[in-house]
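Notes to accompany the following structure.
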Amino acid sequence: MSFLIGKDMRGGYGGADILNGCTIGVDKGQIAVVVGPNGAGKSTAMKALFGMLSLRAGSVTLDGRDITSMSPQDRVACDMAFVPQTNNVFAGMTVEENLEMGAYLRRDDFSDTMAEVFDLFPILKEKRRQFAGELSGGQRQQVAVGRALMTQPSVLMLDEPTAGVSPIVMDELFDRVIAIKKTGIAVLIVEQNARQALEIADIGYVLVSGENRFTDTGEALMADPEVRKSFLGG
Amino acid sequence: MIRTEHVVKRFGGITAVDDVSLSIDKGSITGLVGPNGAGKTTFFNLIAGRFPPSSGKIFLDGEDVTGLAPHDLFGKGLLRTFQIAHEFTHLTVRENLMTVPPDQAGETLWKAWFMPGQVRRQEKEVAARADEVIEFLNLTHIADELAGNLSGGQKKLLELGRTMMVDAKVVLLDEVGAGVNRTLLNEIGDAILRLNKERGYTFCMIEHDMDFIGRLCDPVIVMAEGRLLASGTVDEIKSNETVIEAYLGAGRDRAAERAKA
Amino acid sequence: QAEVKLGVILGFTGPIESITPTMAAAAEMAMSEVSDSGKLLGGETVTSVRADSTCIDSAAATAAAERLVTSDNVAAIVGADCSGVTGAIANNVAVPKGVVMISPSATSPALTTIEDNGYFFRTAPSDARQGQVLADMMKDQGITEIAVTYTNNDYGKGLADSFQAAFEAAGGKVSISVPHEDGKGDYSAEVATLAATGSKELAVFGYVDQGGRGIIQSALDTGAFDKFVLCDGMIGDSLLEAFGDSLNGTIGTLPGNDGEGATKFLELAKAKGIDGSGAFAPESYDAAALLMLAMEAAGSTDRAAIQAKVLDVANGPGEPILPGELGKALEIIAKGGDVDYVGATGVELIGPGEAAGSYKELLVDGGKFTTVQIR
Amino acid sequence: MFALMSNFVFVPALTYGSQLALGALGITLVFGVLRFANFAHGDLMAFGTMGVVLITYWLQAHGIGIDPLPTALLALPFGIALAVGASLLIDRTVYRFYRKRRAAPVILVVASVGVMYVLNGLTRFVIGAEDQRFFDGARFLISAGDFKDLTGLDEGVTIKLTQALTVVVAVLMVAALFWFLQKTRTGKAMRAYSDNEDLALLSGISPDRVVAVTWIIAAVLATVAGTLYGLDKSFKPFVYFQLILPMFAAAIVGGIGQPIGAIIGAYVVAFSEVMLTYAYKRALMYIGPEGWGPEGLMQILSTEYKFAISFLILVFVLLVRPTGIFRGKVI
Amino acid sequence: MSAILTRTRLAYLGIIVLLLLVGVFQSWSVALVMINLCLISAVMALGVNIQWGYAGLFSAGTVGFVALGGLAGVLISEAPVIEAWDVGGAGLIYSVATLAALIAAIFIIMSVMKPGTARRIVMTCVILGGYFAVRYFFDPATDAIEGVNPSAQGFLGGLGLPILLSWPVGGLLAALVAWGIGKVALGLRSDYLAIATLGIAEIVIAVIKNEDWLARGVKNVSGLARPMPKEIALQESPEFIGWIEWLHSGALSTVTGDERIQMLRDFAQQDAGTFVKLIYMLLFTVVLLILFALAQRALNSPWGRMMRAIRDNEVAAEAMGKNVTKRHLQTFILGSAVVGIAGAMLTTLDGQFTPGTYNPLRFTFLVWVMVIVGGSGNNHGSVIGGFLIWFAWVQAEPAGILLMDGLTFFMAPDNPVRLHLLDAAAQMRPLLMGLVLLLAMRFSPKGILPEPIRTAR
Ligand SMILES: Nc1ncnc2c1ncn2[C@@H]1O[C@H](COP(=O)(O)OP(=O)(O)OP(=O)(O)O)[C@@H](O)[C@H]1O
Ligand SMILES: Nc1ncnc2c1ncn2[C@@H]1O[C@H](COP(=O)(O)OP(=O)(O)OP(=O)(O)O)[C@@H](O)[C@H]1O
Ligand SMILES: [Mg+2]
Ligand SMILES: [Mg+2]
């Protein structure tokens, strides 16, 4: 049983179901990567895991506890963190305030964490007083990830964190993700930069039409010619 | 095709584009790369008339177009996509596409009122074209879905699709690849090549995926901190020390290391 | 037996909503007086059906009036209040349907000439007359220059115009004439402008519970003026309650020809817990009373028959009738006698069915209105 | 000269401006956090003040007071409680529904028009449409007479107690609100919520709490503004309802969503109304040589156009700075 | 698609039933009065829907355009006041000419001089000088005009043309002013545009209220001409009487003599009102149908699609070659013109022009409520909203009284609680109106007839 797992999830946005019984799980100290074509339901699955979508069937458990009907902000209190794919910064707040909001539930001194984030994304330190809405696409993405890191989560969920991010930062990011997982955190990533992501993945899911098509270790998926051809761009 | 002379753009104290002079050749597929915040998108916005440059001049096909409004530039055959998708949320995917063609008879009120025949005929043509594009982008099953309800990647596809609705001269693509499935992206690459070859479109594309750039673009221009850093063929760029330091990093080796770890 | 219904259409919501409840209560006071007397058409009771004129929304007022006339089947109408809606109701409902309406407060001179087929009356005199009276009064007081502010509607504007014409004809000078909108939050700009003329007195043509009061308050607060000249809409005890002795020396006019009717009305109202001094309350009482007397004179509640009798009961010859004497009046009429309804405001309807307009000159003395003379 | 300007221009405009400011502050706050223009704010003011008035009457009837200050200040907490209760209840029954459904702001605006009507009716239903005067206590801080005696000048400056009170309270309220929004956690959470609701959720911010706090503050502001206004002028529901337009104008001129903007905007509206229509004749006579006086009244524009002027200024400000004096929100 | 169709049909059916109920339980006459106002409201709502529903323009200046439409009623139908023209016409024309010269001068300075302090100084001098020059002709002229028989005239009068002409002219007048306003204000974003247009509307109304020479200002113009004979004229006209005799021949044949004359008189009185209202209804319906057809066709055409695209995302629309500014101006003018037509219709129906009526709460926000409750972006919705909200607005009042009566029927007639409640019954009107609004929005948050998703081709 994984640390965080969404089992046989079914549900959607009111019309036809988007998730058709998919299962996604990740363990502590693991990186799980979800790939799949556009519109497969990857983001939807992430939202479901985070309680931003009510499920018609299936369950979400965290550390053995059923949290299917828990509200998102309570999940934050359970040390889960999520970076959505779109709309993932407070555009009208400064970069620094964005990070502070990430630490909203923390009562301790979070200046260390902030320093770490600034280390990881030096550009943010430079732009700390600028409104996030005025940043470039890639910079915003960095703010978004930085905000999630501020919570010091035990589960970190990232929806396409590298979209629009320059190669050098992407590398940093993946390095950082590996470092994070090594501290015993469960990391769940949705990626279209699938090959890089699967390289570091302990477990990979290929999602198609809201169903699990393939589930295996990252390496194995990378090696599977069919997966490569249909989903990883050859 | 596009030429800029000493173009500068400042936002308050920030200089996003700093004295950029370059030209994009007719019929080329030019890549534009650079670290986050280098000013690429801003540069596109300047060319496409989203806002006027603080100083400098912009030429399209030899004509000075500095300060023209986006719709005027569209009329001159310049199309662009947005890095952060700008779909028409409450229109369906098909309607999103059908909105694009210019000079539709039905967009003039009195024709819409009093010449329904002509309008209907034209609508049919436009719809047919939209359906072709939809099919090409694998969006057929959601052709009637509201664009606001699409997934992140689908929205990017729609962005691209809009440029395929008209015969353009220049197309500016701002990270169409980000968030798009790689298999599909390859097909998109093919389409870009085809449009370039068969219809003579000029492309300028911002992209962070060097493989994709490598496959399509020649030449490649690198920007950093608002300035022009380098330009040349993909291979030249990839081996350029300053570019590696500022932008590419030691990506390849590190990935290999990681795989081992 | 069937009840007799009278419509009361006033602006219960809208800009003058703070004075209309008293007006309606006064009209209903007359109705209950008649009902209690048991003498109308051999013991009919009269009930009022209220409707909201909104004061400004002609369309809503017309709909409400239409309802009164065709659905509630009222015999006649007391109302409306503001001249705009009054005109709309008269033109579109009352006159076409042949229903008498008596307005207690629409004073616009323009209403004198509407094509009313004889169905529109008012117990409030036209502004033209009051302007003259005010001018005369001021001349007698030796005032030669005055600043004027009026409520920006046809009542205020009409009065200000006619006053200015009369005053200037008499050699006076209006230093400035400034409109004010009712129901606004602040009148300091108006008062500042008025004060800047250097005039010593301020004429306020407005409503006692509305902008007019705001102007006076602002003027007193800033010490700009301490003597005011008030029109009928401004006369009310609530003004004195609010400002008391600071108004001493202020003068004003109120329709009515002798103190007796007004005094009786005030007593009656007081007994019923109504503020009889409220703006247009006496006129409302008179309007209702007139309608019921006319009904008795007509011997039926037929609308056309009522119309034919209004002027008869309003004017002499006949026994003068004061407020509180409606029972007596009904009796006289039933016996075939003649009455001359005087009422609270000294009703005397002239030519086109409006009050002739004799006015009391009032002076605030010791925090009270006292009648100085009749004009 | 100084006295003249201060009496007729400065003091009244400052007072009116402060009254508007308190109202505009509430509007701007609700707009800033909940992202809709709350048309019911004027009537919320009236509703809360109604509570104050009723309690004041009761206190007065029992001879309880705090002379020279007005009794209403004692009753204020009760009025605030009433308004807070009402706005929380309204949020619960009306706005929450639309919020959960992510309705467009304009839907909320129209819902607030509905609330406006309901509160409107309710207030009058309880206390009536008539004027209520509930002011007691000392009237003047400095009266014209005192001032003349004090300084020997021949024009008196008057400052009413309520005027002073209004200005002081307005300043305090703004300072407190500003501090609260910029510096406290809850304040920042409110801004974050208004910026991006989903993401606020993902940061562990409880939307219900943010919304509740917003309404509580708005209700407090409304009641205080309403009470101060009522003390200075009088309480009449219709006027409160009419105040909504200048209050909106103030909030927007200043840049909606910006507390400081609301204050500045309110003073801009108030001062422009008074100053542009003021007849400068007498003032000029003081400056000019003895015996000299201008022909006309020296009025820039006549008072007929008082409201038009404040709106004209508003339009002008917007054309020069399209989102208000302090960059307001754009939705 | 068909679900939407049924919903639309049901909504219309519901409205018809409501009006029938009014006819049965109150009176047919009331029902007719309501229908006429409903029709006008529907036209207004249609106009606002064009602005908001199609293009997303948050214009809060509706009341100004209603007033301008109304003004057209006066300017077209009133007889010209010759004396006023005699005494003030020339002065007024001079002042207009001066104004034109001033504007020309401003443009010349703008084009000839370079921006800078010098230009600013010259500009200020010219504008100030021009202002006083205009006032120099304007003030005495208007004073003279206002002095002509002030209690009945005191204005220039109109053209003395049939009042029906004022409907298109009202639309044109509104369109003209909308063009000016749009040029200035349409660059503003949502709420800022709203407040700016609100302000401009206030200015328009202030001008109408205070410039007495134009249309008597707050002194009102009453007794406007009608497109058909007045009721009292009808009651006297032999043809009409003949027609009534024919219509009621059954009932009339049962009585004779005086009784018959009396009955005939009653019928004539009753039917004259109905006749007039029916004619109005017919005229209004024709206008509504024409405007509706045009609006509907526009909305469902590529033009409508383009407008919706602009509403959704201006930046993208601009990049797709749509001239957003121009289109905004176009819809703003169109919507305003429709509202202006409605304003002229309203003035015609009222038979008078009373500037005091023009209150933003009644004509701007109430119309907004109609559009939103009906369903913005849906023309049927606007019509339904116009009908429903006007219905609620008018019926909330008797309903309030009825409710209070019902609630207190068990109390003694002089029970103070009952008396207070009955006294406060008028206040039930806003309360009920608000409740209706909130309930309607609760049960269909996107409006009674939401904007359809255009899937079918
Ligand atoms: N509206 C604005 N106001 C202030 N600064 C801005 C604005 N838009 C962009 N910038 C700044 O200009 C710089 C260039 O931004 P731009 O979006 O052009 O970068 P980019 O090269 O496209 O980056 P990316 O690859 O991340 O998309 C950034 O530092 C950004 O913060
Ligand atoms: N708010 C919404 N309402 C209705 N349908 C939606 C909504 N969001 C997404 N969908 C639909 O759900 C499907 C899955 O969307 P989802 O965002 O989960 O895809 P994804 O796998 O993340 O794709 P991508 O890689 O492009 O981000 C899509 O077909 C989309 O049209
Ligand atoms: Mg996704
Ligand atoms: Mg970019």
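Here the protein sequences line up with chains U, X, A, S and P, keeping their order.
Mapping of the first sequence onto this note's numbering: position 178 corresponds to residue 178, and the numbering continues sequentially without gaps.
Mapping of the second sequence onto this note's numbering: position 197 corresponds to residue 197, and the numbering continues sequentially without gaps.
Mapping of the third sequence onto this note's numbering: position 268 corresponds to residue 268, and the numbering continues sequentially without gaps.
Mapping of the fourth sequence onto this note's numbering: position 238 corresponds to residue 238, and the numbering continues sequentially without gaps.
Mapping of the fifth sequence onto this note's numbering: position 410 corresponds to residue 410, and the numbering continues sequentially without gaps.
All C-beta atoms, glycine included, are put in the ideal place defined by N, C-alpha and C.
*How would you label Glu397/P, buried or exposed, when you count the other beta carbons within 10 angstroms and need 16 or more for buried?*
buried
*Can you give the Cα-Cα distance for Ser166/U and Thr44/U, rounded to whole angstroms?*
26 Å
*What in chain P is Cβ-close to Asn38/S, meaning under 9 Å?*
The contacting residues do not exist; Asn38/S stays about 12 Å from chain P at best.
*In chain order, which continuous runs of the alpha helix (DSSP H) of length 4 or greater are located wholly inside the segment 31 to 108 of chain U?*
42 to 49, 72 to 77, 95 to 102
*Burial state of Cys125/P, where buried means 16 or more other Cβ atoms lie within 10 Å*: exposed
*From the beta carbon of Gly241/U, is the nearest beta carbon of chain S less than 9 Å away?*
The structure shown does not extend to residue 241/U, since chain U is modelled only from 1 through 234, so no value can be given for it.
*How should His380/P be labelled, buried or exposed, when 16 other C-beta atoms within 10 angstroms of its C-beta is the threshold for buried?*
buried
*When you compare each of Gln196/U, Gln130/U, Gly21/U to Glu171/U by their alpha carbons, which one comes out closest?*
According to the sequence shown, residue 171/U is Asp rather than Glu. When each option's Cα is compared against that of Asp171/U, the closest is Gln196/U.
*Exposed or buried, which one is Glu236/X when buried takes at least 16 other CB atoms within 10 Å?*
exposed
*Leaving out the 5 sequence neighbours to the left and right, which residues in its chain are closer than 8 Å to Leu437/P when beta-carbon positions are compared?*
Val369, Val373, Ile389, Ala392
*Should Phe332/P and Gly199/P be called a contact, given that it needs their Cβ atoms to be closer than 9 Å?*
no
*When DSSP labels each residue in this structure, what does Met234/A get in the three-state scheme?*
helix
*asked:* On the CB-based measure, 16 or more other CB atoms within 10 Å of its CB, does Asp67/S come out buried or exposed?
replied: exposed
_Cutoff 9 Å: Gln152/U Cβ touching any chain X Cβ_ = no
*Is the beta carbon of Ile244/S sitting closer than 9 Å to the one on Gly42/S?*
yes
*Listing by chain order, which chain A residues have their CB less than 7 Å from the CB of Leu44/S?*
Within 7 Å Cβ-Cβ: nothing; Leu44/S doesn't reach chain A, min ~16 Å.
*Using a Cβ-Cβ distance under 9 Å, would Ile356/S count as near chain P?*
In the structure as shown, chain S starts at 1 and stops at 331, and residue 356/S therefore has no counterpart that could be examined.
*Where does Val187/U sit, in a helix, a strand or coil, going by DSSP?*
strand
_Could you give the first and the last residue of the continuous alpha helix (DSSP H) run that contains Tyr57/S?_
41 to 61
*Residues of chain S with a CB under 9 Å from the CB of Tyr192/P: which are they?*
Ile252, Ile256, Leu318, Pro322, Thr323, Gly324, Gly328, Val330
_Beta-carbon proximity list for Gly36/U, same chain, < 6 Å, skipping 5 on both sides_ = Lys42, Val206, Leu207, Val208
*Could you check how far apart the C-beta atoms of Ile333/A and Glu361/A are, in whole angstroms? I think they sit under 8 Å.*
Not a contact, Cβ separation roughly 33 Å.
*Cutoff 6 Å; reference Thr347/P; Cβ partners in own chain excluding five residues on either side*: Gly70, Gly73, Phe353
_Phe341/S (DSSP reduced to helix, strand or coil)_ = No information on residue 341/S is available, as it lies outside the stretch 1 to 331 that chain S covers here.
*Does any residue of chain U bring its CB to less than 9 Å from the CB of Val260/S?*
According to the sequence as given, residue 260/S is Ile; it is not Val. Closer than 9 Å: no.
*Using a Cβ-Cβ distance under 9 Å, would Val30/S count as near chain P?*
no
_Exercise answer, beta-carbon shell around ligand 1 heavy atoms below 5 Å_ = Glu134/U, Leu135/U, Ser136/U, Gly137/U, Gly138/U, Phe11/X, Ile14/X, Ala16/X, Asn36/X, Gly37/X, Ala38/X, Gly39/X, Lys40/X, Thr41/X, Thr42/X
*State yes or no: is the C-beta of Asn327/X within less than 9 Å of the C-beta of Gly138/U?*
Because chain X is modelled from 1 through 261, residue 327/X falls outside the range shown and cannot be assessed.
*Closer than 8 Å: is that where the CB of Lys183/P sits relative to any heavy atom of ligand 3?*
no
*Closer than 8 Å by C-beta to Thr274/P: which residues in its own chain qualify, once you throw out the five before and the five after it? Chain order, please.*
Trp28, Ser29, Leu32
*With 16 other CB atoms within 10 Å as the buried threshold, where does His141/X fall?*
exposed
*Whether Ser83/A touches Ala110/A by CB criterion (9 Å)*: yes
*Is Phe47/S close to chain P, meaning its C-beta is less than 9 Å from at least one C-beta of that chain?*
no
*asked:* I want to check one thing, is the minimum distance from the CB of Glu126/U to the heavy atoms of ligand 4 below 8 Å?
replied: no
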